[in-house]
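As given, the protein sequences belong to chains A and B, one line each in that order. So that you can map any letter, position 54 of the first sequence is 58 in the working numbering, and since no number is skipped, the others follow by simple counting. So that you can map any letter, position 83 of the second sequence is 307 in the working numbering, and since no number is skipped, the others follow by simple counting. Take a look at the structure below.
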Amino acid sequence: MSSFSSGDRIPLMTGGYAKVVRDAPLGSGGQGEVYLVEYKGTQHALKWYTSLKMRTSVEFKENIRKNVYDGAPSERFAWPLDVTEDVNGSFGYVMRLLPKDNEEFSDFLRTYRITKTEPPRRVPVKFASFPCLIRAAIQVVDSFAALHRVGKSYQDLNDGGISMDMSTGDIIICDCDNIAPDRTNFGIAGKQGYMAPEIVLGTKTPDVYSDRFSLAVILFKLFFRDDPFWGAKVCKCCNLTDYNYRKYYGEEPVFIYHPTDSSNRPVEGIHDNVIRMWGRYPQYLKDLFTRAFVDGLKETSKRPIEIEWMSALIRLRSESFMCSCGGFSFVSDDAEKSGECTCPKCGRSYPVLMLGKTRLPLAKDAVAYSCQTRFGSDDFEKITLKVVENRLKQGLMGLKNLDDCDWEVFLDGTRKSVQPDKGTEIVPGMRIEFDRKTSGTVLRRN
Amino acid sequence: MTGEAFDPLEAEPIARKRLVLFYLIDVSGSMDGQKIGVVNQVMEEVIPEIRNVGGADSDIQLAVLTFSSGTSWMYPQPSSIETFQWSRLSADGMTSMGGAFLELDNKMSRSAFLSAPHLSFAPVVFLLTDGYPTDDALGALEKLKLNRWFKSSLKVALGIGDFDRDILEAFTGNPELVLSTATGKNLAQLIRFATISSSTIGSRSMGYGSGGADSEDSSALKEKAFIDMKKDAFGDEQNPTVDDIDMDDSGW
């Protein structure tokens, strides 16, 4: 039975009303219902608590009020915008509406969404391209960095909490009602398979460290589409009882790609995704997962922090490339030695621009970002360099300056300036000073 | 090894853990009419609701066993909630609850309904009845209780009207896991609550620090979670057993 019907006006703490505009809730779950409402002239969502525990907890409500007052740490959170007055012994909060074409992270993992029709149908859920997947990963990490920077933790990160635009990779973090100042907890523990071992064991309550564990699980599943701790050893138990869950996810979890303990390797026929993909990803990314799931299991401070994920993901974004033949690959380990990057499908090779540790294959339309070409910049979205084809000479490739300052290009003792919106031919051996402290070099072929 | 062509977007659905919800439903003569009508209706309604419970990594399956003069499975194997179609039940005959317990014991094994190589969550078992067994249910229950899958499962019973509370309490092992309705008026609400909450518990969050997982077959954590959800939904003082005493009992 719905708590509200269309036309109901629910008073808000900041004054004014949220007006219910549709009879049936958009959704309902264990804790409450979500209604479509009009708030400040536009459509929003209203989360309404039906759970006795939540609707009667003064601290829980006060925490949401505080979050409304503090404001969202980043625009990518479906943050509480306003809290209602009490109505019939309960309350709720107003938040943004999710874009209607967004998909849930859980449906991405399942590879399809189940329609609410009878009979239900399966609708495929897949990113439009690998750059979209990377963009989603970067945005999740960036959102958590922003949250942790304001001293709060999410506490219940799982596959139900992320909404994604599959055509762009833009994400929204949902279910923000358990977000609280670090080390404050309102009884939430998390979801099986995403909780850090210390939470499974009950020795600690969720905090920034356990958020970082869950973040690593989310990223692992995003790339490898399998559970980092479900391998042969866990399969043997058949029945994942509470006891076994505690054992394999709390007391003695073994990472499926533990470098020295091979007892829990993924099983063919069950974990084919990770078996196929793990070997293909570069070592620097795998090292971070290994640290999170091996060293960081018990020693929570060893879990990678957001900025480490960020730099690995930004590097991965640049070091993945799509050849004009349609072949996708990551830059191979020997690219630095050979001075070029070769498409494993068709054999075509591309020059490579070294940006710090990052090896950027200079295929048409390849880009670099402000955080890679400007000293001190952490802007991972602003494109400052793009590989373009000369408009007058077909087949001649160059680097276009999309930044707002001049570049200095050095080659064999010569030097020239490249102004914003201008380009320069790609020549092996050239060095580009993007600013006084940042430069890149196009490798010489060997 | 990097540097080989592959498609990072091409993937199989993530491996899922199976959660089988067993329903043991009394379809004896006394269930005929409104009661079985409510069961049919609410099950048709609740199945779509639990299709997304548990998220990506749970494969919720249903196995429905009816008992009257004999026992019968709705389908020969548990079927995934994604495709499960409820086949409407009718009621007639005796109450072979003991027969149902033995049949459940038969199928709760790796060689039957819980086959490898799948990894399963501990199952959930619902028992719904409105009367007294007409066979040796207690003896059968003793045998069923030795089954390790059964031991670890979350067991919930729903009793309607004048039912054998002792056997239901023996079945669940905990009086708080016996939900009851004096007349069946809120039967739909109870079935819906029990199904949704137990599929959530079976496949999802566990409270931290609750202990209770000390023995391999224990279902204590899940029982506690279910009882917490019951209190959260119906309130502490308001036991769902007594909230419909004024309802009309005619026409059954």
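Note that the Cβ used here is the ideal one computed from N, Cα and C, for glycine as well.
Looking only at C-alpha atoms, which of the options sits nearest to residue i?
| i | options | result |
| --- | --- | --- |
| Ile14 (chain A) | A:Gly31, A:Thr46, A:Trp52, A:Gln35 | A:Trp52 |
| Tyr4 (chain A) | A:Phe233, A:Val24, A:Ser10, A:Tyr116 | The displayed coordinates of chain A run from 5 to 450. Any statement about residue 4 (chain A) would go beyond what the structure contains. |
| Ile305 (chain B) | B:Gly355, B:Gly261, B:Arg242, B:Met255 | B:Arg242 |
| Leu352 (chain B) | B:Asp281, B:Leu338, B:Asn330, B:Met321 | B:Met321 |
| Leu338 (chain B) | B:Asp354, B:Phe374, B:Pro357 | B:Phe374 |
| Arg395 (chain A) | A:Asp338, A:Lys368, A:Cys409 | A:Lys368 |
| Glu393 (chain A) | A:Lys404, A:Arg319, A:Arg153 | A:Lys404 |
| Ser110 (chain A) | B:Gly278, B:Ile249, B:Leu378 | B:Gly278 |
| Leu359 (chain A) | A:Arg319, A:Ser381, A:Cys327, A:Met326 | A:Arg319 |
| Val446 (chain A) | A:Tyr373, A:Thr264, A:Ala339 | A:Ala339 |
| Ala394 (chain B) | B:Leu411, B:Asp283, B:Gln301, B:Lys367 | B:Lys367 |
| Ser335 (chain B) | A:Thr188, A:Asp215, A:Cys242 | A:Cys242 |
| Gly355 (chain B) | B:Ile425, B:Ile284, B:Ser252, B:Arg240 | B:Ser252 |
Using the three-state DSSP reduction, which class does residue i fall into: helix, strand or coil?
| i | result |
| --- | --- |
| Pro128 (chain A) | strand |
| Ser10 (chain A) | coil |
| Asn67 (chain A) | helix |
| Trp297 (chain B) | strand |
| Arg114 (chain A) | helix |
| Trp52 (chain A) | strand |
| Val24 (chain A) | strand |
| Glu256 (chain A) | coil |
| Ser342 (chain A) | helix |
| Ala150 (chain A) | helix |
| Tyr288 (chain A) | helix |
| Lys446 (chain B) | helix |
| Lys241 (chain B) | strand |
| Pro232 (chain B) | coil |
| Glu306 (chain B) | coil |
| Glu437 (chain A) | strand |
Output yes or no for whether 8 Å exceeds the beta carbon distance between residue i and residue j.
| i | j | result |
| --- | --- | --- |
| Gly254 (chain A) | Leu205 (chain A) | yes |
| Asn268 (chain A) | Lys237 (chain A) | yes |
| Leu364 (chain A) | Thr377 (chain A) | no |
| Tyr252 (chain A) | Ser442 (chain B) | no |
| Phe134 (chain A) | Leu233 (chain B) | yes |
| Ile391 (chain B) | Pro347 (chain B) | no |
| Leu317 (chain A) | Ile142 (chain A) | yes |
| Ala451 (chain A) | Gly194 (chain A) | Here chain A comprises residues numbered 5 to 450, so residue 451 (chain A) is not present and cannot be evaluated. |
| Ala132 (chain A) | Ser171 (chain A) | yes |
| Glu42 (chain A) | Lys23 (chain A) | yes |
| Ala412 (chain B) | Val266 (chain B) | yes |
| Met99 (chain A) | Trp83 (chain A) | yes |
| Leu50 (chain A) | Tyr39 (chain A) | yes |
| Tyr97 (chain A) | Asp105 (chain A) | no |
Under 9 Å Cβ-Cβ, which residues of chain B neighbour residue i?
| i | result |
| --- | --- |
| Met281 (chain A) | Phe230, Pro232, Ala235 |
| Pro124 (chain A) | Pro272, Arg275, Glu306, Thr307 |
| Arg229 (chain A) | Ala235, Glu236, Pro237, Ile238, Ala239 |
Give the residues of chain B in contact with residue i, contact being defined as C-beta atoms less than 8 Å apart.
| i | result |
| --- | --- |
| Gly273 (chain A) | Pro341 |
| Cys178 (chain A) | Chain B residues near Cys178 (chain A): none, gap ~13 Å exceeds 8 Å. |
In chain A, which residues lie with their C-beta within 7 Å of the C-beta of residue i?
| i | result |
| --- | --- |
| Ser303 (chain B) | Residues of chain A passing the Cβ test: none, with the nearest at roughly 13 Å. |
| Asp456 (chain B) | Ser55, Leu56, Lys57 |
Determine the chain A residues that contact residue i at a beta-carbon separation under 9 Å, and present them in chain order.
| i | result |
| --- | --- |
| Phe345 (chain B) | Gln196, Asn243, Leu244, Thr245, Tyr249 |
Starting from the beta carbon of residue i, find every residue of chain A whose beta carbon is closer than 8 Å, and list them in chain order.
| i | result |
| --- | --- |
| Leu445 (chain B) | Asp246 |
| Ser442 (chain B) | Thr245, Asp246, Tyr247 |
| Ser439 (chain B) | Tyr247 |
| Gly459 (chain B) | Leu56 |
| Trp373 (chain B) | Asn243 |
| Lys369 (chain B) | Residues of chain A passing the Cβ test: none, with the nearest at roughly 16 Å. |
Along chain B, which residues have their Cβ under 7 Å away from the Cβ of residue i?
| i | result |
| --- | --- |
| Lys120 (chain A) | Pro272 |
_Across the region 409 to 422 of chain B and the region 264 to 277 of chain B, are there enough close Cβ pairs to call them in contact, namely three or more that are closer than 8 Å?_
yes
*asked:* Between the region 245 to 261 of chain A and the region 294 to 312 of chain A, can you find at least three pairs of beta-carbon atoms closer than 8 Å?
replied: yes
*Touching or not, the region 144 to 163 of chain A and the region 210 to 230 of chain A, by the rule of three or more beta carbon pairs under 8 Å?*
yes
*Are at least three pairs of beta-carbons, each pair with one atom in the region 404 to 411 of chain B and one in the region 373 to 390 of chain B, less than 8 Å apart?*
yes
_Count Cβ pairs between the region 180 to 194 of chain A and the region 61 to 76 of chain A that sit closer than 8 Å; are there 3 or more?_
yes
*Touch check for the region 434 to 442 of chain A and the region 331 to 350 of chain A: three-plus C-beta pairs under 8 Å?*
no
*Are at least three pairs of beta-carbons, each pair with one atom in the region 391 to 403 of chain A and one in the region 417 to 432 of chain A, less than 8 Å apart?*
yes
*contact_flag[the region 301 to 317 of chain A, the region 346 to 356 of chain A] where n(CB pairs < 8 Å) is 3 or more*: no
*asked:* I'd like to know if the region 283 to 297 of chain B and the region 311 to 328 of chain B are in contact, where contact means that at least 3 CB-CB pairs between them fall below 8 Å.
replied: yes
*Is the region 222 to 229 of chain A touching the region 276 to 290 of chain A, taking contact as three or more C-beta pairs under 8 Å?*
yes
_Under 8 Å, with one C-beta from each stretch per pair, do the region 323 to 339 of chain B and the region 252 to 259 of chain B reach the 3-pair mark?_
no
*Any chance the region 110 to 130 of chain A sits against the region 69 to 88 of chain A, with 3 or more Cβ pairs inside 8 Å?*
no
_For the pair the region 335 to 346 of chain A and the region 168 to 178 of chain A, tell me if three or more CB-CB distances fall below 8 Å._
no
*Between the region 276 to 288 of chain B and chain D, which residues of the former have a C-beta closer than 8 Å to a C-beta of the latter?*
Looking for chain D here will not work: the only protein chains present are A and B.
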